[in-house]
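There are 2 protein chains.
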Amino acid sequence: MDRPELSLPQLYAFAVLAEELHFGRAAARLGIAQPPLSQQIRRLETTVGYPLFARGAAGVALTAAGAELLPVARRVLADLSDGLAAARAVGDGRAGRLRIGFAASLAATILPDLLRRHRERRPGVRLEIREMTTVPQLAALRAGELDVGLVREAEAADLAFATVAVEPFVVVLPAGHPLAAHRRLRLDLLAGEPFILFPRDAGPGLHDQIIGACAAAGFAPGIIQYATEWQTVCALVGAGLGVSIAPAGIGRIRLPGVAYRPVEPGDLRTRVAVAWRPDDSNPLVSEFRRTVLPAG
Amino acid sequence: MDRPELSLPQLYAFAVLAEELHFGRAAARLGIAQPPLSQQIRRLETTVGYPLFARGAAGVALTAAGAELLPVARRVLADLSDGLAAARAVGDGRAGRLRIGFAASLAATILPDLLRRHRERRPGVRLEIREMTTVPQLAALRAGELDVGLVREAEAADLAFATVAVEPFVVVLPAGHPLAAHRRLRLDLLAGEPFILFPRDAGPGLHDQIIGACAAAGFAPGIIQYATEWQTVCALVGAGLGVSIAPAGIGRIRLPGVAYRPVEPGDLRTRVAVAWRPDDSNPLVSEFRRTVLPAG
DNA sequence: CCGGTCCATACGCTCAGAGATATCACATCC
DNA sequence: GGATGTGATATCTCTGAGCGTATGGACCGG
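Sequences listed follow chains X and D, in order. The numbering used here numbers the first residue of the first sequence as 1 and each following residue consecutively. The numbering used here numbers the first residue of the second sequence as 1001 and each following residue consecutively.
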């Protein structure tokens, strides 16, 4: 890529003249007088080094060199105006690419609605969604590999968060379990039950919140099995291996032999939040936040 | 294709800065001081309408809009420098396309050598050859559908010609013909023989020359069959339909039952000429003429 | 707290380029 | 031969892009 030799106004004048093949008309189309156009073309021919037009008695015609240059000029001018429009579209958030991370537990609940709403508001924006647990999401955000994240119960000083939704918890238990008879379940009834949960590394905030709630209810849950995916947790519960506590949205996962029951202290809730880099100027990010949080 | 909004130097500065991500170094690469570069970028950002770089504590980084514009800028600059080089190559005759017409009788003789020699001199030039008889060649030249022609015995006030080669004539006659016994043939011996010739329309000059030579030998040939292609003429002679007179190069067409004998008045010759538009500035044409006429 | 780095801003200068007007050169066409 | 049309040339004006120097302000590291 070299320092450009010619100037765009000259190239534009060339393209117009190549269409009109008439200095007077071309000059009129360019909104200038004829002599300046002659000069522009002559300057361009000088930098190219060869005549681009043959001025003859029969009028103006392209030379071979001019014919070679014309398609280039057209393409360059079109590329430039297209590219400029594209950059502007990206600039005001009408177009572009947005990389969204999301916690698996949101895949079936708030995510589809979110994507649909944003696609309606910004049809030109390509949404790339990536299922990731909370901690990797925050890391990817910091590394610039993700533009926004949808996480549960996360905190970080160097990232910004805004609460998207607040969900109560449900107890996940085998349909045949005696406790399934209750419509609602006080947490302390789960004391002694074998627990299935996701590993703490995947989402320490939510993990600690669940363990904490149990502690508040007077027991420490005995975790007999870890599973990173909620889908798997529910399947294991359905197989009778144990019980679990999950955000209510997980109830959407309908599996045979699995029952969901609201947790009794109804004020126990988990926050879903959008996360982003506070110094990110990408307008698509703020646009997405506007979709997510129509209120603010 | 719209009037260009931005300027190439700005675009170039943008591309360089996008590589360096450092105003000082980019300015050094551009050979200017740092403040002018800041101005260039700011001007570009103003015309785009959105910032292209994020200047932060962590240094300079592309914004989303900048990332959208960068490939465009690179492509435009590359296209432009390539296109300019191509136009220059065409301008000095190193590259391009040359449309060459040629008389069928040259296909086997001087044409192959000519093409080979020109391809050696100008490897970048694409040669498009079209077999045409003399008159259509001249018409195609005038219409701009041909750049050069290779014709026999043609004259036209509005076209330029230069003699490429001079050929003697041969008599074409059936191998079994009594006259085939002669090593050379005086034309007057052909008086009364049935003649096969190409139609006058195809090449009046050569046609008239042949008829004129017969007249000078004291007879008017009785033409019993016309054939546009020399190949066909020879085939018909071989079939015993009659005799013909042809440029010596035709002797290359080896057909069973066909004999070629030099014509006795050895000063009877046909001229092969290059033809071109005198007002044609295409350097490929003059280059081709230089190939054809190494002497002048 | 101080020096260093890095980018933005302010200001003044210069000059190439783009423009207009007037005129010329050279065709063609009644 | 004069009217017309077309492009080239000459001359002048002027704007503004582009540059440099000097300086300011933010941030960082010791």
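All residues carry an ideal CB built from backbone N, CA and C; glycine is no exception.
Cross-strand partners of residue i (DSSP beta bridge)
i          : result
D:Gly-1059 : D:Gly-1056
X:Phe-195  : X:Ile-223, X:Val-243
X:Tyr-260  : X:Val-172
D:Thr-1270 : D:Glu-1167
D:Trp-1276 : D:Val-1148, D:Ala-1160
X:Val-125  : X:Gly-96
X:Leu-30   : DSSP output for X:Leu-30 lists no bridge partner at all.
X:Phe-102  : X:Glu-131, X:Leu-150
X:Leu-185  : X:Val-263
Contact belief for residue i with residue j at Cβ below 8 Å, rounded distance in angstroms
i          : j          : result
X:Phe-198  : X:Val-263  : Their Cβ separation, rounded to whole angstroms, is 17 Å, which puts X:Phe-198 and X:Val-263 out of contact at 8 Å.
X:Pro-174  : X:Gly-240  : 5 Å
D:Gly-1205 : D:Glu-1131 : Rounded, the Cβ-Cβ distance is 18 Å, inconsistent with contact.
D:Ala-1064 : X:Leu-284  : 7 Å
X:Val-274  : X:Val-172  : Not quite, the Cβ-Cβ distance comes to about 26 Å (not below 8 Å), so this is no contact.
X:Leu-21   : X:Gly-59   : 6 Å
D:Ile-1129 : D:Phe-1102 : 6 Å
D:Leu-1111 : D:Leu-1150 : 7 Å
D:Glu-1155 : D:Pro-1247 : Contact flag wrong, Cβ pair sits at about 17 Å.
D:Tyr-1012 : X:Arg-3    : 6 Å
D:Ala-1015 : D:Leu-1070 : 7 Å
D:Leu-1141 : D:Arg-1277 : 6 Å
Residue i at chain D interface by Cβ criterion, 7 Å
i         : result
X:Ala-54  : yes
X:Tyr-260 : no
X:Asp-267 : no
X:Val-274 : no
X:Pro-307 : An answer regarding residue 307 of chain X cannot be provided, because it is not within the stretch 1 to 296 covered by chain X.
X:Arg-88  : yes
X:Ser-286 : no
X:Gly-91  : yes
X:Ser-281 : yes
Contact check, residue i vs residue j, beta carbons under 7 Å
i          : j          : result
X:Val-148  : D:Val-1076 : no
X:Gly-222  : X:Pro-194  : yes
D:Arg-1269 : D:Leu-1185 : no
X:Gly-124  : X:Arg-94   : yes
X:Thr-291  : X:Arg-74   : no
D:Gly-1083 : X:Val-48   : no
D:Gln-1127 : D:Leu-1098 : The residue you asked about is not Gln; residue 1127 of chain D is Leu in the sequence shown. Yes, they are a contact pair.
X:Gln-10   : X:Leu-52   : no
X:Cys-234  : X:Ile-253  : yes
D:Ala-1165 : D:Val-1272 : yes
X:Glu-287  : X:Arg-122  : yes
X:Asp-188  : X:Gly-218  : yes
D:Ser-1281 : X:Ala-54   : yes
X:Thr-320  : X:Ala-202  : As displayed, chain X neither begins before 1 nor continues past 296, which places residue 320 of chain X out of reach and without an answer.
D:Ile-1196 : D:Gln-1231 : no
D:Gly-1238 : D:Thr-1109 : no
X:Pro-17   : X:Ala-26   : Strictly speaking, residue 17 of chain X in this sequence is Leu, with Pro absent from that position. Yes. Within cutoff.
X:Leu-8    : D:Leu-1008 : yes
Cβ of residue i within 7 Å of any chain X Cβ
i          : result
D:Val-1048 : yes
D:Val-1170 : no
D:Gly-1222 : no
D:Gly-1124 : no
D:Gly-1096 : yes
Select from the stretch 9-43 of chain X all residues with a C-beta closer than 7 Å to any C-beta belonging to chain D, and list them in chain order.
-> Under the 7 Å Cβ criterion, the stretch 9-43 of chain X contributes Pro-9, Tyr-12, Ala-15.
Closer than 7 Å, Cβ to Cβ, to anything on chain D: give me those residues from the stretch 60-86 of chain X, in chain order.
-> Listed in sequence order: Thr-63, Ala-64, Ala-65, Glu-68, Leu-69, Val-72, Arg-74, Arg-75, Val-76, Leu-77, Ala-78, Asp-79, Leu-80, Ser-81, Gly-83, Leu-84, Ala-86.
Listed from N- to C-terminal order along the chain, which residues in the stretch 131-160 of chain X have their beta-carbon within a distance smaller than 8 Å of any beta-carbon of chain D?
-> The residues in question: there are none.
For the stretch 1163-1197 of chain D, enumerate the residues whose C-beta is nearer than 7 Å to any C-beta of chain X, in chain order.
-> Under the 7 Å Cβ criterion, the stretch 1163-1197 of chain D contributes no residue.
Identify each residue in the stretch 1225-1244 of chain D for which the Cβ-Cβ distance to at least one residue of chain X is less than 7 Å, and report them in chain order.
-> Going along the stretch 1225-1244 of chain D in chain order, one finds no residue with a Cβ nearer than 7 Å to chain X.
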